[in-house]
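> Dropping a structure here in structure tokens format, bear with me for questions.
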Amino acid sequence: EVLQGIRPQRYSVLYGGIDAFNALMTEKWQALSLAETLKRVNATHAALIAYLQTVSEELFTSDSRFRRRLRLDTYGHYPIHAQAIRVRREKIA
Numbered sequence: 010e011v012l013q014g015i016r017p018q019r020y021s022v023l024y025g026g027i028d029a030f031n032a033l034m035t036e037k038w039q040a041l042s043l044a045e046t047l048k049r050v051n052a053t054h055a056a057l058i059a060y061l062q063t064v065s066e067e068l069f070t071s072d073s074r075f076r077r078r079l080r081l082d083t084y085g086h087y088p089i090h091a092q093a094i095r096v097r098r099e100k101i102a
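If you count the sequence shown from 1, you need to add 9 to reach the numbering used here.
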């Protein structure tokens with residue numbers, strides 16, 4: 010969608026906000042075993058890498074909408090989730 014100039018729908022429209030989306034995904038993934046979680050994470054990562062290898066290199070070297078969206082939906086928000094994981098680990102320790 011982003012490559013075609015189409016703005017993806019906002020999380021607020023689809024889920025009621027990013028926090029609601031994160032709560033939904035947490036609930037969904039919480040029931041999975043560690044092995045199944047790792048399997049899904051690795052499959053998603055492999056699919057992302059395969060897709061990114063098909064994208065024009067110029068989209069990575071300029072401050073394109075594609076690059077900004079990629080950052081927001083991947084590594085840009087990892088620190089937020091890492092902090093949430095640390096808090097959860099402290100609660101169950």
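For every residue, glycine included, the Cβ atom is placed at its ideal position computed from N, Cα and C. If you're wondering where the values come from, they're calculated on a predicted model, not measured in any experiment.
#1: Near Thr83, which residues of its chain fall below 8 Å by C-beta distance, leaving aside the five closest residues on each side in sequence?
#2: Compute the Euclidean distance between the alpha carbons of Tyr60 and Arg95, then round it to the nearest angstrom.
#3: Just verifying my parser: in three-state terms, what is the DSSP assignment at Glu66?
#4: In three-state DSSP terms, what is Ala9?
#5: Along the chain, where does the alpha helix (DSSP H) containing Tyr87 start, and where does it finish?
#6: Quick one, are the C-beta atoms of Phe75 and Leu81 less than 8 Å apart?
Per the coordinate set shown:
#1: So the qualifying residues of the chain are Leu57.
#2: Distance from the CA atom of Tyr60 to the CA atom of Arg95, rounded to whole angstroms, is 31 Å.
#3: Under the three-state reduction of DSSP, Glu66 is assigned to coil, being neither helix nor strand.
#4: Since the displayed the chain opens at 10 and closes at 102, residue 9 lies outside it and no answer follows.
#5: It spans 87–101 - the alpha helix (DSSP H) in which Tyr87 sits, taken as one unbroken run.
#6: Against a cut-off of 8 Å, the Cβ pair of Leu81 and Phe75 comes out as no contact.
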